[in-house]
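As structure tokens, the structure follows; a few thoughts come after it.
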Amino acid sequence: MLSFLHNFLSNRTIQVKIENTLSDHTTLDNGLPQGSVISVTLFLIAINDIFNNIQKPVKYTLFADDFYTDNIRLLGMIFDTKFSWAPHLKKLKISCNAKIKIIKILSHHIWGADKNSLILIYKALILSRIDYGSIIYNSAKPNIKQIINPTHNQAIRLAIGAFRTSPIDSILCISATIMETYTRICKKSNFHPNIEVSSPFPTTPFWLYPTQVHTQLSNFNKNSNPHSIITSNFNDIINSDFHDFNLIFTDASKNITGTGCAFIFGSVRKLYKLPTEASIFTAEITAIKEATFYVESIHIKKALIISDSLSALTSLLSPNPSNEISQQIINIVANSKNTIEFMWVPSHTGIKGNEEVDLLANQAISSTESTVINSLPNKDLSRIINLISNKQWQSQWDRTSDNKLKNIKKTIQKWRCPINKTRKADIITTRARIGHTHLTHSFLFNHADHPTCHHCDLPMTIEHLTLSCTKYNNERSILNFPTNIEEALGETNTDAIFNFYNAI
């Protein structure tokens, strides 16, 4: 070791380079090589006794600007040497706990903010921090990822006003907050390394060559105007403004068996079949895209592409379209030597080309002549993953046993909440539905026995108080004398629940 250190520190030389010229070698008698793992240790050894000659009362401080650490913070993420993500999640928990204090203050049981406002605050202060980088730290072991879950659940519990003993499944279900496990899966799908860019990003600024979309017929409501008037106005517009244009009609169709689209140009009929999961917007914009490609491929000098999808055509007017298919169309039109314009027409109003392509789009779903398109835009893929995640969450909720809320709320879908409810009403309603209140479950904090109803000598539960306790027979009229707990505490009975428990 001593020989290594001697060789490490001896006969070190440097050179200075200016442009392409190097100086002569110069021997260094002092200093240490930068970047070496032992340079800091050697420096500290050399300087450690510097204070032996400093007499009191002089105070001193030794500072070294290089030190060893087993983790590093980069763009808000703490990377440790083992990539366990434990330091990051511990730091994240401390950060979130500090923000939870804000929710604690705002969730006062008398004058606090309403449930919906507190959930928005929770999403802004807590969930945003947890979601940041979740696709990266999702590789951590399950027990390490559990570090942040109690903080996440506590924030939701405070926001909705649930009692401290409330089951986590009930808290998430009644607040319609998807479990973090599924949230990370949904977010990971947007950043997965195996996802390839379907097409290169366009280099032509969209705003330099605005797409021409004609929507004159939107002034005519097809429900209040005769179809003959709409058809007549369409023909007038074509004859006056587009008499030398080639007309191409596009349309799309979607049903339980699949999704299809088509376009018509004279005697040309093109059919396309898309994945069943494709949205109707994707089908409509795909039909427009294929028509645009066709115009370019056969070099039509002037083309008017006509569609009955106002949303698809409107997306072509956006200065920053988020849909990649819309971007492709805008880029093609901007760089085309041909004149390509678009027009909206109302559907099913007797316009011949639109009626024909509507039937063709329906046929495209099952026709063997259809060209199959397997790709989907990112929004459709995200929607599919969200649906799968919600389905798995619903399946998990269905398997939940011994849960009082499940007897009332069968699905994970968010319940409607009346506006202008007080914080007190929010808390009473939430705790009654979950089945955990101070009256029925505070005994758990003292390790005492389950309380009993003094009037009926039966276990004190929300179901007993709501349905069968004879002491409150008169007050039960507020709930219209329900026969089961689902009827009493269901979604449509929110105001009555508060009035009943406020009365007793």
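Numbered per the numbering used here, the sequence shown spans residues 1112 to 1615. All C-beta atoms, glycine included, are put in the ideal place defined by N, C-alpha and C.
- Is D1242 helix, strand or coil by DSSP? Helix.
- DSSP state of H1325 mapped onto helix, strand, coil: Three-state DSSP puts H1325 in a strand.
- Query: From H1565, E1388, S1343 and K1384, pick the residue whose C-alpha is nearest to that of T1479; which is it?
  - Reply: K1384
- Item | Meets three-Cβ-pair contact criterion under 8 Å: the region 1482-1489 and the region 1385-1397 | In this structure the region 1482-1489 touches the region 1385-1397; the number of beta carbon pairs closer than 8 Å is three or more.
- Task: Using alpha carbons as the reference points, say which of F1353, I1259, P1457 and N1182 lies closest to K1201.
- Result: I1259
- Message: At the level of alpha carbons, what is the spacing between S1250 and R1295?
- Response: Looking at the backbone, the Cα of S1250 and that of R1295 are separated by about 10 Å.
- Task: Classify E1291 as buried or exposed, calling it buried when 16 or more other Cβ atoms lie within 10 Å of its own Cβ.
- Result: Flag for E1291 reads buried.
- Message: Using 8 Å as the threshold, is the C-beta distance between I1230 and K1520 below it?
- Response: Here I1230 is not near K1520, since their CB atoms are 8 Å or more apart.
- If you drop the 5 nearest sequence neighbours on each side, which residues of the same chain put their C-beta closer than 8 Å to that of N1122? T1138
- Reference T1361, options T1403, F1331 and N1501, closest by Cα: T1403
- Kindly indicate which residue of A1398, P1432 and I1267 has the alpha-carbon position closest to the one of S1228. Of A1398, P1432 and I1267, the residue nearest in Cα terms is I1267.
- Query: Among E1407, S1481, S1418 and L1428, which one has its Cα closest to the Cα of K1448?
  - Reply: E1407
- Item | Identity of the residues DSSP links to K1365 by a beta bridge | Within the DSSP bridge table, the entry for K1365 names T1370 as partners.
- Can you check whether the CB of A1599 is closer than 8 Å to the CB of L1578? yes
- Message: List, from N- to C-terminal side, the beta strand (DSSP E) runs of 3 residues or more that fit wholly inside the region 1444-1477.
- Response: 1450-1455
- Compare the Cα-Cα distances from K1365 to each of S1477, K1502, V1151 and C1567 and report the closest residue. S1477
- Query: If F1453 sits next to Q1323, beta carbons under 8 Å apart, how far is it from one beta carbon to the other, in whole angstroms?
  - Reply: Correct: roughly 7 Å between the Cβ atoms.
- How long is the line joining the alpha carbons of F1356 and I1451, rounded to whole angstroms? 9 Å
- Task: On the DSSP bridge assignment, give the partners of D1191 in chain order.
- Result: N1182
- Can you give me the Cβ contacts of H1338 inside the same chain, cut-off strictly under 6 Å, excluding the 5 residues immediately before and after it? T1460 and G1461
- Message: Assuming contact is defined by CB atoms lying nearer than 8 Å, are F1331 and N1344 in contact in what I supplied?
- Response: yes
- Task: Between the Cα of N1427 and those of G1146, N1163, H1565 and Q1438, spot the shortest distance and give me the residue it belongs to.
- Result: In the sequence on display, residue 1427 carries Leu and not Asn. Per the Cα distances, Q1438.
- Task: Just mark S1329 as buried or exposed, buried being the case when its beta carbon has 16 or more other beta carbons within 10 Å.
- Result: With fewer than 16 other beta carbons inside 10 angstroms of its own, S1329 counts as exposed.
- Query: How about H1566 and T1548: are their beta carbons less than 8 Å apart?
  - Reply: No, these two residues do not count as a Cβ contact at 8 Å.
- Task: Report yes or no: do three or more beta-carbon pairs, one from the region 1501-1514 and one from the region 1582-1595, lie closer than 8 Å?
- Result: no
- Sufficient close CB pairs (3 or more, under 8 Å) joining the region 1203-1223 to the region 1160-1169: no
- Message: Please classify K1502 as buried or exposed, where buried requires at least 16 neighbouring CB atoms within 10 angstroms.
- Response: exposed
- Item | Continuous beta strand (DSSP E) stretch holding R1534: start and end | Per DSSP, R1534 belongs to no beta strand (DSSP E); it is in the alpha helix (DSSP H), R1534 to I1545.
- Task: Could you give the DSSP three-state label for S1427: helix, strand or coil?
- Result: Looking at the sequence shown, residue 1427 is not Ser but Leu. Coil at L1427, not helix or strand.
- Task: Could you pull the start and end residues of the alpha helix (DSSP H) that T1605 belongs to?
- Result: T1605 to A1614
- Item | DSSP three-state assignment for N1485, whether helix, strand or coil | coil
- Query: In the DSSP assignment, what residue or residues form a beta bridge with P1570?
  - Reply: T1563
- Beta-bridge partners of Y1583, as assigned by DSSP: Paired residues: none, contrary to the question.
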